[in-house]
């Protein structure tokens with residue numbers, strides 16, 4: 001009998017331990033999921049606060065009422081978005097209420113300024129402190145950088161704050177919340193995204209070229225690959241435009257190039273190979289890029305931006321209008337150049353080949369003192385074509401301004417109507 005009782009007790013203990021282990025494992029998995037969810041929520045809220053502070057900066061940048069209209073609208077909308085984010089965060093009620101009220105006052109004030117019920121000067125005076133407070137809060141919420149980004153910090157501060165009562169209802173509710181977050185968003189597939197970016201190239205009037213002509217063009221543009229193994233195929237019938245796909249292989253180098261069937265224009269180029277640890281200078285890189293652009297016949301372009309990673313430089317070019325030297329950003333081109341020796345690794349000329357159809361537009365002189373507020377310095381000024389809200393290409397003044405209080409901004413102002421087309425804050 002004693003042995004029988006001992007067996008029952010031992011069995012019960014094992015069952016209990018297995019049950020306890022399963023519950024703990026389940027809670028740990030849920031804890032990890034919650035930590036990930038709250039980390040994403042906090043990061044999103046932090047990013048929205050930064051965007052809101054940048055929109056407030058734009059309301060401090062301008063004094064023209066029409067120029068202020070969109071930034072004030074953005075402040076009102078973004079303050080509402082941030083309030084929604086705060087309401088979903090697992091923070092104590094008192095803190096949540098204080099910040100919800102603070103953001104509500106910012107949003108309402110922006111709306112009243114837009115309606116002319118609060119003077120612009122009064123708004124700009126009060127917002128100088130508000131923007132600093134928002135940036136400070138954003139820094140506090142950048143939890144991916146707090147405490148080394150450890151999960152334990154988020155769990156201790158947020159998960160346990162929400163689920164410290166340790167009852168089944170709380171855990172079930174939180175589990176349902178995680179599931180809802182997981183299942184709520186389904187991003188586009190790569191092919192769907194690519195399809196959105198492509199436009200028809202039917203406007204090209206050139207005659208169609210043959211496979212042999214494309215091969216000759218390829219060797220002319222890339223003489224270092226003249227003895228490479230080359231294989232050329234045509235695009236599928238359902239492609240957005242007809243093109244030739246050239247695959248090549250030479251030693252450690254493999255890649256491809258695409259050419260339009262009409263005219264044999266180079267659309268894109270990509271090369272892959274191992275990289276050395278040497279690095280050429282930025283000046284040499286620019287000289288190499290200039291040489292490539294000239295050899296391809298893209299002499300009506302200007303480099304507008306470049307950035308780098310550990311293996312390559314990525315350069316952006318824009319077409320320059322022959323009539324007024326204005327940059328046409330929509331007619332862009334991108335190069336990828338190796339950092340070890342300056343070899344061309346990639347090219348995308350699709351936007352350049354599409355070529356925007358731009359009409360004539362008047363250029364009306366502008367007084368920047370009527371547009372911008374406070375003390376500002378014009379660092380750079382030139383003409384450029386950019387899209388307006390109706391997606392029309394408009395000739396604009398591209399102005400780089402510096403203000404000691406709110407930093408440096410790049411602003412595009414319609415050259416004819418003086419409408420603010422776009423403003424961005426620079427690092």
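In the UniProt record's numbering, the protein residues as written are 1 to 427.
Ideal Cβ placement from N, Cα and C applies to all residues, glycine included.
Keep in mind the model is a prediction, meaning the values are calculated, not measured.
Determine, using beta carbons only, whether residue i and residue j come nearer to each other than 8 Å.
| i | j | result |
| --- | --- | --- |
| residue 327 | residue 368 | no |
| residue 371 | residue 393 | no |
| residue 335 | residue 315 | yes |
| residue 103 | residue 83 | yes |
| residue 263 | residue 206 | yes |
| residue 219 | residue 259 | no |
| residue 230 | residue 246 | yes |
| residue 282 | residue 269 | no |
Rounded to whole angstroms, what's the CA-CA distance from residue i to residue j? Just pull it up for me.
| i | j | result |
| --- | --- | --- |
| residue 223 | residue 240 | 30 Å |
| residue 234 | residue 209 | 12 Å |
| residue 216 | residue 232 | 12 Å |
| residue 64 | residue 423 | 14 Å |
| residue 318 | residue 303 | 7 Å |
| residue 441 | residue 301 | Nothing in the structure corresponds to residue 441, since the chain is present only between 1 and 427. |
| residue 305 | residue 407 | 20 Å |
| residue 390 | residue 418 | 16 Å |
| residue 261 | residue 399 | 40 Å |
| residue 349 | residue 70 | 33 Å |
| residue 333 | residue 352 | 6 Å |
| residue 325 | residue 244 | 33 Å |
| residue 284 | residue 299 | 19 Å |
| residue 401 | residue 132 | 20 Å |
| residue 53 | residue 128 | 10 Å |
| residue 238 | residue 67 | 45 Å |
| residue 329 | residue 356 | 10 Å |
| residue 49 | residue 309 | 28 Å |
| residue 410 | residue 404 | 15 Å |
| residue 426 | residue 226 | 44 Å |
| residue 204 | residue 221 | 21 Å |
| residue 381 | residue 366 | 12 Å |
| residue 46 | residue 252 | 45 Å |
| residue 347 | residue 101 | 51 Å |
| residue 126 | residue 331 | 42 Å |
| residue 116 | residue 236 | 58 Å |
What does a CB cutoff of less than 8 Å around residue i pick up in its chain, not counting 5 residues either side in sequence?
| i | result |
| --- | --- |
| residue 44 | 85 |
| residue 396 | 383, 384, 385, 386, 412, 413, 414, 415 and 421 |
| residue 118 | 109 and 112 |
| residue 62 | 68, 71, 371, 372, 373 and 420 |
| residue 388 | 394, 414, 419 and 421 |
| residue 10 | Bear in mind that a pLDDT of 49 at residue 10, under 50, signals an unreliable position, so the model cannot answer this. |
| residue 277 | 340 |
Kindly list the residues whose CB is nearer than 6 Å to the CB of residue i, restricted to its own chain and excluding five residues on each side of it in sequence; keep chain order.
| i | result |
| --- | --- |
| residue 275 | 311 and 340 |
| residue 124 | 60 |
| residue 254 | 272 |
| residue 292 | 344 |
| residue 364 | 416 |
| residue 81 | 48 |
| residue 294 | none |
| residue 265 | 353 |
By Cβ distance below 7 Å, which residues in the same chain neighbour residue i in space, the five residues on each side in sequence not counted?
| i | result |
| --- | --- |
| residue 106 | 75, 79 and 130 |
| residue 279 | 339 and 340 |
| residue 182 | Low confidence applies here, because residue 182 scores a pLDDT of 34, under 50, leaving its location unreliable; read the following figure in that light. Closer than 7 Å at the Cβ level, and outside the excluded window around residue 182, lies no residue. |
| residue 267 | 243, 258, 259, 260, 349, 350 and 353 |
| residue 228 | 248, 249 and 250 |
| residue 51 | 78 |
| residue 362 | 416 |
| residue 120 | 63, 68 and 113 |
| residue 307 | 314 |
| residue 134 | 49, 52 and 53 |
| residue 149 | Here residue 149 scores only 46 on pLDDT, less than 50, and its place in the model should not be relied on; the value that follows carries that caveat. Excluding residues within five positions, none has a Cβ falling inside 7 Å. |
I'd like to know whether the C-beta of residue i is nearer than 8 Å to at least one C-beta of chain D.
| i | result |
| --- | --- |
| residue 378 | No chain D appears in the structure shown, which is made up of a single protein chain. |
Please give the ranges of any alpha helix (DSSP H) in the stretch 332-368, keeping only runs that are unbroken, at least 4 residues long and fully inside the region. 350-354
Check whether the stretch 47-60 touches the stretch 69-76, taking contact to mean three or more Cβ pairs, one atom from each stretch, closer than 8 Å. yes
Go through the stretch 225-300 residue by residue and report every complete run of the beta strand (DSSP E) that reaches 3 residues or more, in order. 229-234, 243-250, 253-260 and 266-272
Would you call the stretch 282-301 in contact with the stretch 365-382, where contact means no fewer than 3 C-beta pairs closer than 8 Å? no
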